[in-house]
Structure formats: structure tokens, C-alpha cells
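Below is one structure, written out as C-alpha cells; comments come after it.
Residue numbers (full-length UniProt numbering), protein chains in the order written: chain A, 1 to 320; chain B, 1 to 285.
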């Protein structure tokens with residue numbers, strides 16, 4: 001980030017041939033209008049696909065939707081009924097808890113392994129660039145596909161993981177990775193860690209490249225060992241990148257749905273039900289969009305807490 | 001930041017001449033790669049073996065048996081085509097909306113421009129299921145359920161904020177003089193954008209388009225929720241239903257999974273520097 005000065009600078013001046021805005025003059029207003037035409041389609045689209053759903057979900061959470069709604073078109077307002085029904089349901093508390101475990105567990109695993117790989121790939125060795133690219137594959141394939149292929153790997157009877165564990169005599173019996181409530185959430189987290197490692201690695205690797213070599217060399221000369229160097233020099237200098245990785249990771253993990261649907265469908269015995277799958281079940285399987293909206297709104301509230309951190313971390317990006 | 005879009009692409013770093021290449025690290029890297037990519041290998045390996053339902057899948061396929069792929073193709077070819085059409089449509093919509101917006105946000109001192117950039121960042125927080133919840137009901141009223149247009153428009157939302165932010169960051173760095181030259185020649189704002197700014201931003205456009213394609217190709221949520229019939233069925237939805245119906249027939253299921261991973265694999269080979277640039281460039285901002 002050698003261009004720190006530029007980053008805090010104002011957006012560039014208007015293109016040549018355009019005078020600085022003369023306030024309230026007709027020409028100035030026309031110019032602003034003409035410029036807004038560039039942005040208007042994207043803004044309208046984002047209002048339709050992001051803002052409208054946010055507002056509509058709040059409204060829907062006070063309405064009663066039933067399967068009959070799609071014949072009558074009527075969804076009467078019922079006050080706080082949906083909220084009471086959802087919040088008093090044990091399944092909601094369970095999904096909130098699973099969401100937090102899934103998100104934090106995934107983040108911790110992805111970050112630690114992604115960081116280890118980023119540090120490893122700082123070494124210069126033959127084919128390292130090719131290897132780094134190939135490592136991106138798990139992140140690039142559709143999540144439903146990742147879920148499907150891991151279902152095959154984790155299958156209790158015919159899965160290769162149990163086959164290998166038993167062949168190496170690490171376990172006596174086949175572990176019910178996805179079919180037992182005790183293991184299912186852990187398995188889903190492990191698969192999601194696998195998916196998220198490349199994302200963490202790429203961004204952290206980029207951050208590491210920005211740290212001047214001399215600083216590390218100076219630390220080496222001062223006699224700092226690997227761990228000392230990592231925790232006293234590298235990690236503090238990497239802090240902005242780490243924040244961004246963790247917050248972006250949080251926001252994309254907290255709403256994951258397709259992976260869980262493909263792996264376990266929220267089961268067994270709701271062991272992998274999260275706020276996302278719970279919303280889906282309520283809205284699209286039970287056709288109670290009102291209660292689904294309640295859970296969706298709570299999912300947004302959870303994300304918002306972290307959004308604040310995100311925007312703080314991104315302040316430079318916003319003002320640039 | 002411009003370095004991420006052009007320079008630090010994932011290319012092999014050559015060892016310095018003075019030192020001998022570090023073969024030990026290369027071996028360790030290969031081992032890491034083998035462990036992490038093993039599930040993908042296993043997917044392809046299972047797909048290539050005829051009796052894949054059994055536990056006795058071999059570590060290497062004995063013969064190249066394509067019967068699973070033939071069955072997968074016969075059931076999913078149409079869905080793959082749907083995925084391609086929807087993803088390309090989403091790319092077109094996304095770039096058409098993002099390019100002028102990013103140009104204006106980068107080059108004009110627009111009243112309210114900052115609020116738009118801020119809002120664009122915020123949209124990344126909105127969970128897809130919340131969008132789907134409201135969108136389904138709006139789509140019912142607008143007659144967009146089970147339509148290509150409906151799914152294309154919804155999938156374009158997956159890449160739009162990312163593309164705007166990426167393009168804007170790129171366009172900010174175009175030297176003012178270059179655009180001024182265009183204005184002096186009498187070209188209007190749109191022409192300057194089309195003839196000068198966009199060609200210069202080619203790499204960022206490719207990166208944005210590439211990621212929008214991948215996001216749309218991978219989309220499962222909108223495919224699942226905005227379609228109630230088989231009229232518009234992308235391959236992600238296809239594999240989900242196939243898995244439900246043929247959970248014992250792993251060979252065929254893994255063949256479908258392999259087929260639907262093809263775009264990711266192809267892009268990684270053909271456009272790897274844009275992929276690496278997109279992951280880092282789009283998120284650090």
C-alpha cells in the first residue's frame with residue numbers, strides 16, 4: 001500500500017470540459033442529471049434485489065401466510081404472532097446455536113489452515129504458483145457439488161474416509177459422519193473448512209506479499225524465531241487484512257444454505273439446522289413465509305453486528 | 001491495488017539463480033495439494049468406475065468406463081445448457097449495469113455517489129435466503145416464477161456489487177489526461193466511457209464477468225426457490241434432485257458432479273490470473 005496518500009484523496013475532479021458545479025444553475029442540474037443516468041439503472045436494480053427484500057421481509061414477518069395464500073392472495077396481518085411462534089419454538093434456539101457453531105467453527109478452521117498455507121507458499125519453490133492455483137478448485141466448484149462429493153466420501157458404509165480409517169486401524173467401526181446427530185454438525189463444519197481454505201489463503205498470501213522483506217530480515221537478524229516473528233511482526237502488520245478476511249468470511253458463512261441442504265438437509269434430527277435452512281424450511285416447504293421472514297430477519301440482525309466491524313475495516317475503501 | 005489485477009497473478013515464481021531450487025518444499029507442497037484435492041480426485045475416480053455403488057471402489061480406475069458419464073449426460077445435458085444460458089445472461093445483465101455505474105462513481109463528482117458506493121458494499125450482507133423469501137412472492141405477482149428472465153435477473157445480483165466495486169477501483173486509476181483527450185475531441189460522456197474507459201478496464205471487466213459467471217453457475221438457492229416446475233432447471237438443482245433419487249448410484253451422481261465442475265476447472269486453466277485477481281481484488285476493497 002504505497003499509495004496511501006491517494007487513497008484518502010477525494011474522488012477525481014470532473015472530466016475536462018465540465019465546469020465545477022455552479023449551484024442551482026440549470027446547466028449544473030442538467031449535468032448532474034446526465035451523470036446520474038450512468039448510475040440509475042444499477043441503483044434501481046439494487047433497490048429491487050437488495051433493499052426491497054429487506055423491507056418486504058420485515059412486513060412479511062407480521063403477516064400470516066398459509067398454503068391457501070396462493071389461491072386467495074390474502075396474507076392478513078397478525079401482529080406479533082409469527083415472532084411469538086418462532087421464538088418459542090425449540091428448533092429456533094437450536095438453529096441459532098448451530099449457526100453460531102457452524103460459523104465460528106468454520107472461520108477458525110479456515111483461517112488457521114489458510115494462514116498456514118499462505119505462510120508455506122511464501123517459500124520459493126518449483127511449481128508453487130501452479131499449486132496455489134490448483135488449490136483454488138474447492139472454492140470454485142458449486143457448493144452443491146462440494147456437498148454431493150463429500151456425501152460420497154463421508155458415506156458410513158461405502159465412504160472412502162471410513163474405509164481408510166478402518167484400514168489403518170484408527171477406528172474399530174465405521175463412523176456415522178452424516179447419519180448421526182452427534183457427528184453431523186462437525187462433519188458439515190469440516191467440509192466447509194475445506195471449501196473456505198483457498199479464499200483465506202489467497203487473501204492472506206496477498207497481505208503477506210505486501211509486508212516489506214526488510215522488516216522480516218531485520219527480525220531474523222535480531223534473533224527472533226519463527227513463532228516470535230509471526231506473532232510480533234507478521235500478524236500485527238497483517239491486521240487489516242485479517243479483519244477483512246474474517247468479517248467477509250463471517251458474512252458468507254453465516255448464510256450458507258446449499259452446502260447443508262446437499263450434505264444433510266438439516267438433519268439428522270435437525271442436528272444441522274441453521275437459521276438459513278430453518279428459513280428455507282418454514283417458507284418454501286411449509287409455505288409459511290411469515291415465519292420464514294422472522295427467522296430471516298434474525299439472520300440479518302446477526303450479520304449486522306458483524307457488518308459494523310466490516311465497514312470499520314473498510315473505511316478507506318469507502319472513502320476512496 | 002492495481003497490482004492485484006495485473007501483476008501478482010498466480011504464476012510460477014522462479015527460484016533465484018544463486019540458490020538451488022527448494023525441492024523439499026516442492027515435495028511438501030505436492031503432499032498438501034494431494035490431501036486437499038483428494039475429494040475431487042475421488043469424485044472423478046468414482047465416476048469412472050462401473051460398480052461405484054459398492055465400497056470396493058479402486059484407487060485407480062482399471063479401464064476407462066464412461067457409462068456413468070453417458071447416463072449423467074442423458075439426464076443432465078439440458079440442465080447444463082440451462083446453466084450456461086442463465087450464467088451468460090447474468091453476466092450480460094451484470095456488466096451492462098455495472099460498467100456505467102462504476103464509471104460514474106469513479107470519474108464524476110456525483111452528489112450521493114458516496115452513498116451509492118456505501119450501499120453497494122452493504123448489499124454483500126444481505127443473505128440470499130432473505131432475498132429469495134421476498135422475491136418469490138414478488139415474482140409470483142410479476143409472473144416471473146419459472147422463467148429464464150426471472151432467474152437471470154436474480155443471479156445477476158450475485159455478481160453486481162462485486163463487479164461495481166472492482167471496476168470502480170480500476171477506473172479510479174485511469175489517468176485523467178487520457179479521458180480529457182477524449183473530451184477535447186468532442187466525445188460525450190458515454191462515448192468516452194465506451195471508447196476509452198471500458199477498453200482500458202478490459203481486465204477488470206473480464207474478472208467481474210468471470211466471477212459473475214461462476215456465481216451464477218454455482219447458484220442453487222435462487223434455482224431452488226424461484227422455480228416450482230422443471231421449466232428452468234440449472235444443473236445445480238439437477239444434481240440435488242438426482243442425488244435424492246439415485247443416492248445408491250454413486251457412479252452416476254459423481255459423473256453429474258464432475259460435469260458441473262467443468263467450468264471451474266476450465267476457468268482455472270484458461271483464466272487463472274483473473275481468478276486469483278478476482279478473489280483478492282474484489283474482497284480487500
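The beta-carbon is built from N, C-alpha and C at its ideal position, and this holds for glycine as well.
It should be emphasised that the depicted structure is a prediction, and the values quoted were computed from it without experimental measurement.
- Straight through space, the alpha carbons of residue 153/A and residue 37/B are spaced by roughly 12 Å.
- With contacts defined as CB atoms closer than 7 Å, residue 175/B and residue 124/B fail to qualify as a contacting pair.
- With a 10 Å radius around the Cβ and a threshold of 16 neighbouring Cβ atoms, residue 115/A comes out buried.
- A distance below 7 Å separates the beta carbons of residue 146/B and residue 229/B.
- The Cβ atoms of residue 245/A and residue 203/A lie closer than 7 Å to each other.
- Here the alpha carbon of residue 34/A sits roughly 30 Å from the alpha carbon of residue 210/B.
- Taking a beta-carbon distance threshold of 7 Å, residue 200/B does not count as an interface residue toward chain A.
- Of the residues 282/A, 130/A and 212/A, the one whose Cα lies closest to the Cα of residue 273/B is 130/A.
- For the 7 Å CB-CB criterion, residue 204/B and residue 170/B form a contact.
- For the pair residue 279/A and residue 102/A, the CB atoms are not nearer than the 7 Å cut-off.
- Residue pairing for residue 63/A: DSSP places it in a beta bridge opposite 77/A.
- With respect to chain B, the C-beta atom of residue 189/A has no partner C-beta closer than 7 Å.
- For the alpha helix (DSSP H) assignment, the uninterrupted runs of no fewer than 4 residues enclosed by the region 93-149 of chain B are, from N- to C-terminal side, 113-122 and 128-142.
- In this structure residue 139/B is buried. Its beta-carbon is surrounded by 16 or more other beta-carbon atoms within 10 angstroms.
- Restricting attention to alpha helix (DSSP H) runs no shorter than 4 residues, the region 198-275 of chain A encloses them at 213-221, 226-229, 239-254 and 258-263, ordered along the chain.
- Here residue 110/A carries a helix assignment [DSSP, helix/strand/coil].
- The alpha carbon of residue 256/B has as its nearest neighbour, out of 271/B, 234/B and 95/B, the alpha carbon of 234/B.
- Residues of chain B with a Cβ closer than 7 Å to the Cβ of residue 145/A are, in chain order, 239, 257, 260 and 261.
- Scanning chain B for C-beta atoms nearer than 8 Å to the C-beta of residue 134/A yields 33, 37 and 268, reported in chain order.
- In the three-state reduction of the DSSP assignment, residue 157/A falls in the coil class.
- In chain order, 258 place their CB closer than 6 Å to the CB of residue 44/B, counting only its own chain and leaving out the 5 sequence neighbours on each side.
- Of all residues in the region 133-155 of chain B, the ones placed with a Cβ closer than 8 Å to any Cβ belonging to chain A are 133, 134, 135, 136, 137, 138, 140, 153 and 154, in chain order.
- DSSP places residue 129/A inside the alpha helix (DSSP H), whose first and last residues are 128-134.
- Residue 81/B is outside the set of residues whose beta carbon lies under 7 Å from a beta carbon in chain A.
- CA-to-CA, the gap between residue 205/A and residue 300/A works out to about 30 Å.
- Residues of chain B with a Cβ closer than 7 Å to the Cβ of residue 292/A are, in chain order, 133.
- Boundaries of the alpha helix (DSSP H) harbouring residue 35/A: 26-46, taken from the DSSP string.
- For residue 22/B, the closest Cβ of chain A is nearer than 7 Å.
- Cβ-Cβ separation between residue 201/A and residue 134/B: approximately 35 Å, too far for a contact (criterion under 8 Å).
- Against chain A, a Cβ distance below 8 Å from residue 253/B picks out 148 and 152.
- Within the region 88-99 of chain B, the residues whose Cβ lies closer than 7 Å to any Cβ of chain A are, in chain order, 97 and 98.
- Per DSSP, residue 173/B lies in no alpha helix (DSSP H) and is assigned neither H nor E.
- Distance from the Cα of residue 197/A is smallest, within the candidate group 66/A, 111/A, 99/A and 146/A, for 111/A.
- Taking the Cα of residue 152/B as reference, the smallest distance to any Cα among 86/B, 129/B, 275/B and 50/B is reached at 86/B.
- Around the beta carbon of residue 30/A, fewer than 16 other beta carbons sit within 10 angstroms, so the residue counts as exposed.
- Distance between residue 112/B and residue 182/A, taken at the CA atoms: about 52 Å.
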